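Student: One structure, pasted below without further comment.
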């Protein structure tokens with residue numbers, strides 16, 4: 001435990017895709033679709049656990065153990081996500097927790113909104129993040145790679 | 001501990017309310033140690049410890065002129081903290097780029 005304060009942040013990203021909203025939505029809604037783009041290169045870790053239940057109240061989990069490379073070998077990254085609202089072809093609202101070696105490092109709430117326009121689909125991602133105090137814990141964390149952990153933990157295999 | 005980086009030291013330094021108050025104060029301009037200490041009801045040695053931690057984290061610099069030590073904010077370290085936070089945004093920018101490439105290569109049943 002620590003009395004360190006949480007750090008709060010919010011960001012928004014907009015993209016326009018020359019495709020119908022239904023097609024964009026499908027890339028989030030199916031495990032096969034999402035695994036084609038959600039994760040980056042993944043030859044540096046082994047999948048431990050994967051769940052994908054795209055429904056309101058449904059859980060998405062990705063846990064993996066690092067072989068080395070960007071992260072010390074043996075480090076376990078985990079994402080636990082809950083879907084809170086799903087409007088087909090329009091909106092996905094979810095929250096998720098990131099953990100490294102069992103210790104929560106961030107909790108975020110996010111919405112992905114899709115609006116049809118003349119060019120195809122305008123997608124807006126808005127995320128509110130709370131970054132926890134693990135970053136100053138000298139006892140149980142690997143130093144020097146905090147932000148990489150966060151980044152890599154999120155790009156575990158889909 | 002391996003790979004101790006500036007970002008860790010900066011976060012550790014910013015995790016304390018006294019040290020954050022110093023950073024906020026220095027955001028308005030340089031100040032002497034005694035001026036900074038006057039804002040905080042703690043013993044001077046303890047306060048100096050806070051300043052040393054901020055300085056070793058690269059968040060502030062101090063310079064002695066005669067008998068007065070003046071502290072200034074060092075913006076580079078704050079930029080590192082900012083970088084850490086916006087990394088999540090970059091992750092999503094990369095993902096949404098891959099999403100676009102994936103959509104482009106799909107055969108399109110919806111249009």
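Chains as they are written, first to last, in our numbering: chain G, 1 to 158; chain P, 1 to 111.
A virtual CB, placed ideally from N, CA and C, is assigned to each residue, including glycine.
Nothing here was measured: the structure is a model prediction, and the numbers come from that model.
#1: Beta-carbon within less than 6 Å of residue 30(P)'s beta-carbon, same chain only, minus the 5 sequence neighbours each way: which residues are those?
#2: Within this structure, are the beta carbons of residue 25(P) and residue 14(P) separated by less than 8 Å?
#3: Using DSSP's beta-bridge definition, name the partner residues of residue 83(G).
#4: Counting only Cβ pairs nearer than 9 Å, list the residues of chain P close to residue 38(G).
#5: Can you confirm whether the segment 110-130 of chain G touches the segment 14-25 of chain G when touching is taken to mean that 3 or more C-beta pairs between the two stretches lie within less than 8 Å?
#6: Go ahead and label residue 56(G) buried or exposed: buried means 16 or more other beta carbons lie within 10 angstroms of its beta carbon, across all protein chains shown.
#7: Please state the DSSP three-state secondary structure of residue 10(G).
#8: Taking residue 105(P) as the reference, give the member of 8(G), 19(G) and 7(G) with the closest Cα.
#9: At 4 residues or longer, and completely inside the segment 28-83 of chain G: list those alpha helix (DSSP H) runs for me, N to C.
#10: Is residue 89(P) close to chain G, meaning its C-beta is less than 8 Å from at least one C-beta of that chain?
#11: On the CB-based measure, 16 or more other CB atoms within 10 Å of its CB, does residue 138(G) come out buried or exposed?
#12: In terms of residue numbering, what span does the alpha helix (DSSP H) encompassing residue 38(P) cover?
#13: Would you please verify whether the beta carbon of residue 90(G) is less than 8 Å from any beta carbon of chain P?
#14: By how many angstroms is the C-alpha of residue 74(G) removed from the C-alpha of residue 114(G)?
#15: On the criterion of 16 or more Cβ atoms from any shown chain inside 10 Å, does residue 23(G) qualify as buried, or is it exposed?
#16: Classify residue 150(G) as helix, strand or coil using the three-state DSSP reduction.
#17: Short check: CB of residue 23(P) to CB of residue 54(P), under 8 Å?
#18: Got a sec? Which residues, its chain only, sit under 8 Å from residue 44(P) by beta carbon, not counting five neighbours each side?
Tutor: Well, looking at it:
#1: 70 and 72
#2: Cβ distance not < 8 Å, so residue 25(P) and residue 14(P) don't count as in contact.
#3: 94(G)
#4: 95, 98 and 99
#5: yes
#6: exposed
#7: Of the three classes helix, strand and coil, the one that applies to residue 10(G) here is strand, per DSSP.
#8: Of the listed residues, the one whose Cα sits closest to residue 105(P) is 19(G).
#9: When DSSP assignments are scanned along the segment 28-83 of chain G, the uninterrupted stretches of alpha helix (DSSP H) that are 4 or more residues long and fall wholly within it turn out to be 31-35.
#10: Residue-level contact by beta carbon holds for residue 89(P) and chain G, with a gap shorter than 8 Å.
#11: Any reading at residue 138(G) must be qualified, since the residue scores a pLDDT of 32, below 50, and its modelled position is unreliable; the value itself is stated next. Per the 10 Å Cβ criterion, exposed.
#12: 33-38
#13: no
#14: Their Cα atoms are separated by approximately 38 Å.
#15: So residue 23(G) counts as buried.
#16: Because the pLDDT of residue 150(G) is 36, which lies under 50, any placement of that residue in the model is unreliable, and the question is left without a value.
#17: yes
#18: 37
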